[in-house]
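**Q**
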Amino acid sequence: MNNAKKIIAEFFRTEAGNEPVRDYLKALGRPNSTEIGADIGTTERCWKLGKPLVDQLRKASSGNTEPIYEVRHTVDGKEYRTLFFVYKNRMILTHIFQKTSQKTPKVEIDLAWSRMKQWVNEEK
1 MNNAKKIIAE FFRTEAGNEP VRDYLKALGR PNSTEIGADI GTTERCWKLG
51 KPLVDQLRKA SSGNTEPIYE VRHTVDGKEY RTLFFVYKNR MILTHIFQKT
101 SQKTPKVEID LAWSRMKQWV NEEK
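Taken in order, the sequence shown gives residues 1 to 124; the numbers are from the working numbering.
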């Protein structure tokens with residue numbers, strides 16, 4: 001098996017310098033954060049995986065946007081989602097949350113989308 005990463009995960013950073021996904025993982029603690037990190041690592045090495053681990057939530061639209069994806073995690077009987085987009089060979093982790101409903105809530109996708117647009121506009 002090739003362990004070379006096809007994309008490299010990076011944490012989205014707010015204008016205030018916070019990294020929401022990193023902060024969430026730190027608060028979650030081990031071993032849960034380690035299991036989530038392993039799923040992100042699998043996504044880095046095996047990009048474009050597809051279901052059941054990765055799913056596209058929103059397609060790119062015109063302008064400075066990229067598709068939003070989720071990495072699906074089941075840890076200690078709980079469902080978590082890490083939302084991200086890919087820019088060149090970078091996997092930008094924009095948002096993470098515990099999923100409590102059947103469908104990923106629009107508010108969670110909208111937050112990831114907003115952070116993606118902010119990041120892409122700053123990058124260009």
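For each residue, glycine too, the CB sits at the ideal point set by N, CA and C. Predicted model only: the values in this text are computed from it and were never measured.
Under the assumption that Phe85 contacts Pro67 (Cβ atoms under 8 Å), give the Cβ distance between them as a whole number of angstroms.
**A** One-based indexing of the sequence shown puts residue 85 at position 85. One-based indexing of the sequence shown puts residue 67 at position 67. Contact flag correct, Cβ pair sits at about 6 Å.
**Q** Does the segment 33 to 47 touch the segment 88 to 97, meaning 3 or more C-beta pairs lie closer than 8 Å?
**A** Segments in contact, yes.
**Q** Span of the beta strand (DSSP E) holding Ile7?
**A** The residue given as residue 7 occupies position 7 in the sequence shown. Neither: Ile7 is in no beta strand (DSSP E) and is coded neither H nor E.
**Q** Do Thr65 and Lys117 have their C-beta atoms within less than 9 Å of each other?
**A** For the purposes of this step, residue 65 is identified with residue 65 of the sequence shown, where counting begins at 1. For the purposes of this step, residue 117 is identified with residue 117 of the sequence shown, where counting begins at 1. Yes, the pair counts as a contact, with Cβ atoms nearer than the cut-off.
**Q** Considering only C-alpha positions, which residue in the set Asp110, Thr43, Lys59 and Val75 is nearest to Glu193?
**A** Shown here, the chain extends from 1 to 124; a query on residue 193 therefore has no answer.
**Q** Using alpha carbons as the reference points, say which of Asn3, Ser61 and Ser114 lies closest to Cys46.
**A** Here residue 46 refers to the residue found at position 46 when the sequence shown is read from its first residue. It is Asn3 whose Cα lies nearest to the Cα of Cys46.
**Q** Can you name, in chain order, every residue of its own chain whose Cβ lies under 7 Å from the Cβ of Asp76, other than the five neighbours on each side?
**A** Here the question's residue 76 lines up with position 76 in the sequence shown. Contacts found: Asn32.
**Q** Mapping the DSSP letters down to three states, classify Asp76 as helix, strand or coil.
**A** Residue 76 sits at position 76 when you count from the first residue of the sequence shown. In this structure, Asp76 counts as coil in the three-state DSSP scheme.
**Q** Let's test the definition: count the other Cβ atoms within 10 Å of the Cβ of Thr82 and tell me whether it reaches 16, buried, or not, exposed.
**A** Mapped onto the sequence shown, residue 82 falls at position 82. Buried: at least 16 other Cβ atoms inside 10 Å.
**Q** Quick one: grab the DSSP three-state call for Arg81.
**A** Mapped onto the sequence shown, residue 81 falls at position 81. In this structure, Arg81 counts as strand in the three-state DSSP scheme.
**Q** Tell me whether Glu70 sits in a helix, a strand or coil according to DSSP, three-state version.
**A** Taking the first residue of the sequence shown as 1, we reach residue 70 at position 70. Correct three-state label for Glu70: strand.
**Q** Near Trp113, which residues of its chain fall below 7 Å by C-beta distance, leaving aside the five closest residues on each side in sequence?
**A** For the purposes of this step, residue 113 is identified with residue 113 of the sequence shown, where counting begins at 1. Correct list, in chain order: Arg58 and Ile68.
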